[in-house]
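Comments concern the structure below.
Residue numbers (the numbering used here): 4 to 742.
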């Protein structure tokens, strides 16, 4: 029995009322958080809710912590029998007895990026008792960082180890501590290994205390590392690390504890193997280098007596010493402390050849190393005296350039108060030179002295000493050729060296401006040539003369041979037909014929025009004007250099006028245009044109041209400028390929 109209209307109204009372909510599409990441960067849009899922491990807590402005994170507690514990406004703990996944609803009032931490599978198994030394106990596997530069990035502002972006759980360890039961982790270590502990997250304040054990004894290590209440590191640059170093082979026992009833925690634990040497040998330290490490390291480097060493520790206090290698033995440096952000400058001893930086008892360090050259000139430190014996090797005294200024300095840190330079003057015997120097810069308290030295005896012929007059220090002396000396020094060195040797004191810089005048050029030396010089001079002249004559002889022989070949070509009429006959009979190959044609082109151009026409043969097309003569022959296609091309020989004779920009054009009267693919002799060509450039009266030119195209006939056109006026000529008859 069907429903009445009233019953149908009543049913529709009832259904409409149910839809109003129970609205349907749109379900947002969920997105799974990357399984291998600990910290996620999520983009939130204003007034929109995003749904994310994260996997859960049965009966193992998952800790969530986040950072954002005016955003909310809600866990859907209706799924998988979840237990959700809030640890404040930005941290929750989730646990499920069955596993599955948690659904997170995240929303924001404006567009922003949210940092979300998910620590899954927190270890709830505890080792409540600290093991005795030598006892057998299960150990915790801790990953190592074998390359410092791969784990530490000083430019990030922290020396804490940063897990690789592709594996954020590489160093992750988790646990649960209670007020009544501490948690113990045992880790095997070798002597010199450093263990790094970073608190990543904790629901309550948690402490870690380290013990070291060998087979028989236990040592309590200093330093308790504590996390903050509801602690979470969402930016790796904010990580706070603590370090412990193994005094010998054995094991560490880490004890985590809390005063709270219960604390869920996560930490990055990294083991840094002992590294004893970080070599800087061979590096250009003027560009800087970096030493990264833990506890201690020795860094040898190349060092010279004119380089100061600068150490900078941007992120941590360090304890260090710098040793110097002198005469094959190491001289120990004074142990020093360098505070975070400060610099230390160390000066070398004279004759040092190498150095080594020893960092000791420093949990973690990043040391920036650089050297700076304080030599006076050409990498040499100017000595404080001049050699009074001619036999002394004076190469270690810097030589002053008499045509360009030079700069120098007094390195007061090493009590450098005197600089002596060589003056080398070249000239003829008995020549006289006037040399003057002006010293600019901070010249107060300085003086200058010059010596004119006898080059045979080493005696001082003349000397002069000057001191500043006003703000100018200038000295000049008349000297002979050879080596002389200039010295710049403090008048009273004691006043500027009241500090300890090696103490970092500002240097004193100056600039020397040279001036040079030749007073008398002296006597020009003359030496009579020896008999050997006369003999070999004659040999050289004859040899050079013959060498110059050789090209002339070659040119004469070449011209003579060319004329003889041209006469032979003229005597043998119809040469193109002769080539075809030899090809047909097998007496010559196409390649040999092409080579002979190339020679014939040049030879025939030396003949009279009519003789040249007869030399190539009667089967030709000719055209003649008052100023120009043209001729063209079709050649057997077997003589083409390019397969499938049509070879033609073209002759051009200029009767009158000077031609420039001359060009031959091959025009296909029907079908596709021709393309020039080869020209002999070599002229510039493009498309269907060959460019002959400049030609004069009486000049004959012959060309072998390979044309590529499908047209059976070709028209030849010659154009250019004759005596500056445009001119063109076209052979009225068309050349056929089968002619």
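Here a beta-carbon is modelled for each residue, glycine too, at the ideal position from N, C-alpha and C.
Note that the coordinates shown come from a computational prediction; the quantities given were computed from them, not determined experimentally.
Can you look up residue 202 in the DSSP assignment and give me helix, strand or coil? strand
Excluding the five sequence neighbours on either side, which residues of its own chain have a C-beta within less than 6 Å of the C-beta of residue 471, listed in chain order? 446
Same chain, Cβ closer than 6 Å to residue 405, five either side skipped, listed in chain order: Here residue 405 has 517 and 519 as same chain residues with Cβ atoms under 6 Å from its own Cβ, once five neighbours each way along the sequence are excluded.
With H, G and I counted as helix, E and B as strand and the rest as coil, what does DSSP make of residue 647? DSSP, read as helix, strand or coil, puts residue 647 in coil.
Reduced DSSP category for residue 53 - H, G, I as helix; E, B as strand; rest coil: Residue 53 falls in the strand class under three-state DSSP.
Can you give me the C-alpha to C-alpha distance between residue 53 and residue 201, rounded to a whole angstrom? 31 Å
According to the neighbour-count rule (16 or more other Cβ atoms, all chains shown, within 10 Å of its Cβ), is residue 513 buried or exposed? buried
Using the beta-carbon count (16 or more within 10 Å), is residue 401 buried or exposed? buried
Which first and last residues belong to the alpha helix (DSSP H) in which residue 349 is found? Looking at the DSSP string, residue 349 is not in any alpha helix (DSSP H); the run it does join, the beta strand (DSSP E), is 346 to 349.
Whose CA, out of 340, 347 and 386, lies closest to the CA of residue 354? 386
Among 712, 112, 686 and 47, which residue has its Cα nearest to the Cα of residue 650? Closest option to residue 650, Cα to Cα, is 712.
Within this structure, are the beta carbons of residue 65 and residue 181 separated by less than 8 Å? No, the Cβ-Cβ distance between residue 65 and residue 181 is not below 8 Å.
Three-state class that DSSP yields for residue 240 in the structure shown: In the three-state reduction of the DSSP assignment, residue 240 falls in the helix class, which pools H, G and I.
Closest Cβ-Cβ distance between residue 578 and chain B: below 8 Å? Of the protein chains in the structure, only one exists, and it is not chain B.
Assumed close pair residue 633, residue 666 - CB separation to whole angstroms, cut-off 8 Å: So it is not a contact: roughly 13 Å between Cβ atoms.
Secondary structure of residue 27, DSSP reduced to three states: Interpretation of residue 27 is limited by its pLDDT of 36, a score under 50 that renders its predicted location unreliable; the figure taken from the coordinates is listed afterwards. Looking at residue 27 - three-state DSSP - the assignment turns out to be coil, as it is neither helix nor strand.
Taking the alpha carbon of residue 37 as the reference point, which residue from 96, 50, 46 and 57 has its own alpha carbon closest? 57
Figure out for me which residue from 221, 168, 429 and 111 has the closest Cα to the Cα of residue 138. For the residues 221, 168, 429 and 111, the minimum Cα distance to residue 138 belongs to 221.
Quick check: the region 131 to 148 against the region 187 to 207, are there 3 or more CB pairs under 8 Å? yes
For the putative contact between residue 738 and residue 717, defined by C-beta atoms under 8 Å, what is the C-beta separation to the nearest angstrom? Yes, residue 738 and residue 717 are in contact; Cβ-Cβ is about 5 Å, under 8 Å.
Any non-hydrogen atom of the ligand ATP closer than 7 Å to residue 127 Cβ: By its list of ligands, the structure shown contains no ligand whatsoever, and the ligand ATP lies outside what it can speak to.
For residue 543 and residue 549, what's the separation of their Cα atoms in angstroms? 10 Å
Please confirm whether residue 486 and residue 382 have their CB atoms less than 8 Å apart. no
Rounded separation between residue 144 and residue 159 - CA only: Spanning the alpha carbons of residue 144 and residue 159 requires a straight line of approximately 28 Å.
Counting C-beta neighbours from all protein chains within 10 Å, is the total for residue 546 16 or more, i.e. buried, or is it exposed? exposed
Closest by C-alpha distance to residue 435, when choosing among 71, 521, 360 and 425: 521
Does the distance from the CB of residue 151 to the CB of residue 295 come in under 8 Å? yes
Can you name, in chain order, every residue of its own chain whose Cβ lies under 8 Å from the Cβ of residue 352, other than the five neighbours on each side? 308, 327, 329 and 334
Are the region 684 to 702 and the region 641 to 661 touching by the rule of at least three beta carbon pairs closer than 8 Å? yes
Cβ neighbours of residue 35 in the same chain (closer than 6 Å, five flanking residues each side left out): 56
Buried or exposed for residue 316, going by 16 or more other Cβ atoms inside 10 Å? buried
Inspect the beta-carbon positions of residue 253 and residue 217 and report whether they are closer than 8 Å. yes
Compute the distance between the beta-carbons of residue 389 and residue 454, then report whether it is under 8 Å. When the beta-carbon positions are compared, residue 389 and residue 454 come within less than 8 Å of each other.
Tell me the residue span of the beta strand (DSSP E) that contains residue 693. 692 to 698
Buried or exposed: residue 685, going by 16 or more other Cβ atoms within 10 Å of its Cβ? Around the beta carbon of residue 685, fewer than 16 other beta carbons lie within 10 angstroms, which makes this residue exposed.
Could you tell me whether the Cβ atoms of residue 227 and residue 203 are closer together than 8 Å? no
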